[in-house]
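Residue numbers (my numbering), protein chains in the order written: chain F, 371 to 715; chain Z, 371 to 715.
Each remark here refers to the structure printed beneath this line.
2 protein chains.
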Amino acid sequence: MKLAVLFGGASFEHEISIVSAITIKSKLESFNLDFIFCDTDHKFYYIKDTKMKADTFSKKEYKKMPVLLLQEGGFLKQALLKKEVVSATVLNLIHGADGEDGVIASMLDFYKIPFIGPRTPACVFSFNKLYTKYFSQGLGIKSMPFEVLHKTDIRDVSTPLPFIIKPASLGSSIGVSIVKQQEELDYALDVAFEFDSCVIIEPFVKDIKEYNLAGCMIDDKIQYSIIEEPHKNEFLDFDKKYMDFSRSSTVLKAEIDSPLEVKIKDTFAKIYTHMFEGALIRCDFFVMGGEIYLNEINPIPGSMANYLFDDFSMVISGLAHSLPVKKQITCKYEYIHSLSSAKGK
Amino acid sequence: MKLAVLFGGASFEHEISIVSAITIKSKLESFNLDFIFCDTDHKFYYIKDTKMKADTFSKKEYKKMPVLLLQEGGFLKQALLKKEVVSATVLNLIHGADGEDGVIASMLDFYKIPFIGPRTPACVFSFNKLYTKYFSQGLGIKSMPFEVLHKTDIRDVSTPLPFIIKPASLGSSIGVSIVKQQEELDYALDVAFEFDSCVIIEPFVKDIKEYNLAGCMIDDKIQYSIIEEPHKNEFLDFDKKYMDFSRSSTVLKAEIDSPLEVKIKDTFAKIYTHMFEGALIRCDFFVMGGEIYLNEINPIPGSMANYLFDDFSMVISGLAHSLPVKKQITCKYEYIHSLSSAKGK
Numbered sequence: 371m372k373l374a375v376l377f378g379g380a381s382f383e384h385e386i387s388i389v390s391a392i393t394i395k396s397k398l399e400s401f402n403l404d405f406i407f408c409d410t411d412h413k414f415y416y417i418k419d420t421k422m423k424a425d426t427f428s429k430k431e432y433k434k435m436p437v438l439l440l441q442e443g444g445f446l447k448q449a450l451l452k453k454e455v456v457s458a459t460v461l462n463l464i465h466g467a468d469g470e471d472g473v474i475a476s477m478l479d480f481y482k483i484p485f486i487g488p489r490t491p492a493c494v495f496s497f498n499k500l501y502t503k504y505f506s507q508g509l510g511i512k513s514m515p516f517e518v519l520h521k522t523d524i525r526d527v528s529t530p531l532p533f534i535i536k537p538a539s540l541g542s543s544i545g546v547s548i549v550k551q552q553e554e555l556d557y558a559l560d561v562a563f564e565f566d567s568c569v570i571i572e573p574f575v576k577d578i579k580e581y582n583l584a585g586c587m588i589d590d591k592i593q594y595s596i597i598e599e600p601h602k603n604e605f606l607d608f609d610k611k612y613m614d615f616s617r618s619s620t621v622l623k624a625e626i627d628s629p630l631e632v633k634i635k636d637t638f639a640k641i642y643t644h645m646f647e648g649a650l651i652r653c654d655f656f657v658m659g660g661e662i663y664l665n666e667i668n669p670i671p672g673s674m675a676n677y678l679f680d681d682f683s684m685v686i687s688g689l690a691h692s693l694p695v696k697k698q699i700t701c702k703y704e705y706i707h708s709l710s711s712a713k714g715k
Numbered sequence: 371m372k373l374a375v376l377f378g379g380a381s382f383e384h385e386i387s388i389v390s391a392i393t394i395k396s397k398l399e400s401f402n403l404d405f406i407f408c409d410t411d412h413k414f415y416y417i418k419d420t421k422m423k424a425d426t427f428s429k430k431e432y433k434k435m436p437v438l439l440l441q442e443g444g445f446l447k448q449a450l451l452k453k454e455v456v457s458a459t460v461l462n463l464i465h466g467a468d469g470e471d472g473v474i475a476s477m478l479d480f481y482k483i484p485f486i487g488p489r490t491p492a493c494v495f496s497f498n499k500l501y502t503k504y505f506s507q508g509l510g511i512k513s514m515p516f517e518v519l520h521k522t523d524i525r526d527v528s529t530p531l532p533f534i535i536k537p538a539s540l541g542s543s544i545g546v547s548i549v550k551q552q553e554e555l556d557y558a559l560d561v562a563f564e565f566d567s568c569v570i571i572e573p574f575v576k577d578i579k580e581y582n583l584a585g586c587m588i589d590d591k592i593q594y595s596i597i598e599e600p601h602k603n604e605f606l607d608f609d610k611k612y613m614d615f616s617r618s619s620t621v622l623k624a625e626i627d628s629p630l631e632v633k634i635k636d637t638f639a640k641i642y643t644h645m646f647e648g649a650l651i652r653c654d655f656f657v658m659g660g661e662i663y664l665n666e667i668n669p670i671p672g673s674m675a676n677y678l679f680d681d682f683s684m685v686i687s688g689l690a691h692s693l694p695v696k697k698q699i700t701c702k703y704e705y706i707h708s709l710s711s712a713k714g715k
């Protein structure tokens, strides 16, 4: 099947998206893949699959490749003699801003291009950690207690030490710090505010049990991955998470009992249903005292969490055939017409 | 000052947006206005100000007008001999889908076009009434108790009669019913589900006190409109609200005491700050037992709620100069580069 992998974007996770796309290429070998690169200036380029390697980007060779223009139904390839449209279903693989904040989803929707990935509201609720809190509170799903601090607020933190500071709308652990002593607070906040004007502060619980589960809705039924217990130091920093985005070998199933597995899957289903249709997401949960806590939702996980699925190709092709369809709206101009008539125009 | 009024959109409120734009034209006479029409097929047209009348749309005359292509920095006018770019700050006046659901905001952001209007997250939290509930709960602002029903759910409603049924993501009272007797429930749900797969059910309180307040952030300070007590029958139906979108004569200030006024303004500020910067919004509040309840947030109110402001032109020009700026992201390809080096490529 045909699929256009869209990657890059004007985001702090730009390079991670490139790594993800290169990894995906090797995991979807049976597919007919096009690659569409969005550079940090928001220009689209068509990248031949033989050019899907680090040098193309780090040496800016992509700039010599055909420019694409987004238009209704697909991406128009601007070549010298002929015009061609890349019109496959898009796999949105832009991590962070653009890809996960609703911008790309909105544009693909507007131009009626079918795509695998979170829709605009799903992006808003998962990209920003504060809004994920609003969402989980709304659904009645537990998450860690937290406080919010904006850049212009007084730096008055009431969460007891140690705590973790996260920029509200960045993934891949960028700008995240664990604060163990009061003296570390200012620097940690400075770092976080470099990336975002809003930060989330949560208690840091050492050795907390963490489980990751990915899945997507295919034919009205959620297809789950295995549940993984990620190995980690205190937390995965950017370098480690970066390597994580190129993961391709399958991992071992976490050793958990069946009731906990059911509980984790039910929580996933509650989060996914009516919000994430069309996307393959990974939810990261904490477990404390037998209770499930939502840590974060990755609406476009690194290399699509391929390593968590037995038959990744099958999942992607199933998902591509289960995408939500937007209602077509027409207008008969009845009101406007009656207004004109009433005015005798 | 120059401003490009963007209106229309593929939405049930398409015609309302046309009425709004025609009204705005008469309210911003001192401005140099361009008019950009988005039809229900998502094509953009340049409409001369002399053509801003009902016939242009009801008789589809707009189809003969110059097509515009959205591109970086503005809208490219496709004319026979010359290419011209409409590059003014956009006033997003598309009500309902496209304008208020984050799609247009995302596209203008992507193409680096400054605009007056809610940003993508602000759209998501105000367009969908369920997400407005999540938002107000998150902020600790009261709203009416509610329940949610999806199209596929069993029609089991526990809210006591009478109650009001609203499609989650439609404005202008479209699809809204008051259910007074159990027998009316099925029909009311059928109507609401015609427009949305999710509905909100709230108790209906007859003669509840309602107050509307509009405002926007200019130079880090919120500029408030007067507070209006809207006159209404049980609720404004589509026809009445439709006429409401062409309102242009100023209204009388509601007769409320000063502590209540302060309370309403403080609640508005809590809603607006860190979310609606760049937009002029109108919040509709209920007051019961001295407590403020958020009813809904109109992130692009009909004709920009011009009738609530003493000096509407001044507010719009002030807002146009106080738009949030997106951080420019660049990429040095350090990680990709080190990856290439490590692999000896």
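Every residue, glycine too, gets a C-beta built ideally from N, C-alpha and C.
Quick caveat, the model's predicted, so the values are computed rather than measured.
Apart from sequence neighbours up to five positions away, the residues of its chain that approach F:Ser400 with a beta-carbon distance below 6 Å are Ser683, ordered along the chain. For F:Arg489 and F:Phe646, the gap between their C-alpha atoms comes out near 7 Å. A straight line joining the alpha-carbon of F:Phe655 with that of Z:Gly659 spans about 41 Å.
A Cβ-Cβ separation of about 7 Å places F:Leu531 in contact with F:Gln552 under the 8 Å criterion. Contact annotation: F:Met422 and F:Lys395 have beta-carbon atoms nearer than 8 Å. Residues of chain Z with a Cβ closer than 8 Å to the Cβ of F:Ala467 are, in chain order, Ile699. For Z:Ala449, no CB of chain F lies under 8 Å from its own CB, so it is not counted at the interface with that chain. Taking a beta-carbon distance threshold of 8 Å, Z:Gly510 does not count as an interface residue toward chain F.
Checking the DSSP bridge columns, you'll see Z:Val549 partnered with Z:Phe533.
At least one beta carbon of chain Z lies nearer than 8 Å to the beta carbon of F:Cys568.
Within chain Z, the residues placing a beta-carbon under 9 Å from that of F:Thr490 are Asp471, Gly472, Val473, Ser476, Thr490, Cys493 and Val494, ordered along the chain. Between the region 482-497 of chain Z and the region 455-473 of chain F, the count of C-beta pairs closer than 8 Å reaches three or more; the two stretches touch. According to the DSSP assignment, Z:Ala558 belongs to the alpha helix (DSSP H) that extends over Leu555 to Phe565. Counting only Cβ-Cβ distances below 7 Å, F:Tyr501 has contacts in chain Z at Pro491, in chain order. Looking only at Z:Lys482, Z:Leu540 and Z:Thr700, the smallest Cα-Cα distance to Z:Ile670 is reached by Z:Leu540. Within chain Z, the residues whose beta carbon sits less than 8 Å from that of F:Phe382 are Ile699, listed in sequence order.
Residue range Lys591 to Glu598 is occupied by the beta strand (DSSP E) that includes Z:Tyr594. Listed along chain F are Pro491, each with a C-beta nearer than 7 Å to that of Z:Asn498.
For F:Ala424, the secondary structure class from DSSP, reduced to helix, strand or coil, is helix.
Just so you know, the alpha carbons of F:Cys408 and F:Ser567 end up roughly 25 Å apart. The beta carbon of F:Leu461 sits closer than 6 Å to those of Leu373, Val375 and Ile486, all from its chain and outside the five residues before and after it, given in chain order. DSSP places Z:Gly379 in the coil class of the three-state scheme, outside both helix and strand. The beta carbon of Z:Gln448 sits closer than 8 Å to those of Pro436, Val437, Leu438 and Leu439, all from its chain and outside the five residues before and after it, given in chain order.
Close CB contacts of Z:Ala538 within its chain, under the 7 Å cut and outside five residues either way in sequence, are with Asn498, Lys499, Leu500, Asp566, Cys568, Val569 and Ile570 (chain order). In this structure, DSSP gives Z:Asp636 a helical state, which the three-state scheme calls helix. Judged by their CB atoms, F:Ala458 and F:Gly379 are not nearer to each other than the 8 Å cut-off.
With its beta carbon at least 8 Å from every one in chain Z, F:Phe563 lies outside the interface. Between F:Asp589 and F:Ser692 the beta-carbon gap is near 6 Å, inside 8 Å, which marks them as a contact. A Cβ of chain F is located within less than 8 Å of the beta carbon of Z:Thr410. Checking the DSSP bridge columns, you'll see F:Gly585 partnered with F:Tyr594 and F:Ile651.
Annotation: the region 445-513 of chain Z contains the following complete segments of the beta strand (DSSP E) (minimum length 3 residues), in chain order: 453-456 and 460-462. Inclusion of Z:Thr502 and Z:Glu666 in the CB contact set at 8 Å is warranted, their separation being smaller than that value.
For Z:Ile388, the enclosing alpha helix (DSSP H) starts and ends at His384 to Lys397. Taking each of Z:Phe679, Z:Asp404, Z:Glu580 and Z:Leu446 in turn and checking the Cα distance to Z:Ser595, the smallest one comes out for Z:Phe679.
Straight across, the Cα-Cα distance linking F:Lys591 with F:Phe638 is about 12 Å. For F:Leu689, the uninterrupted alpha helix (DSSP H) segment begins and ends at Phe682 to Ala690.
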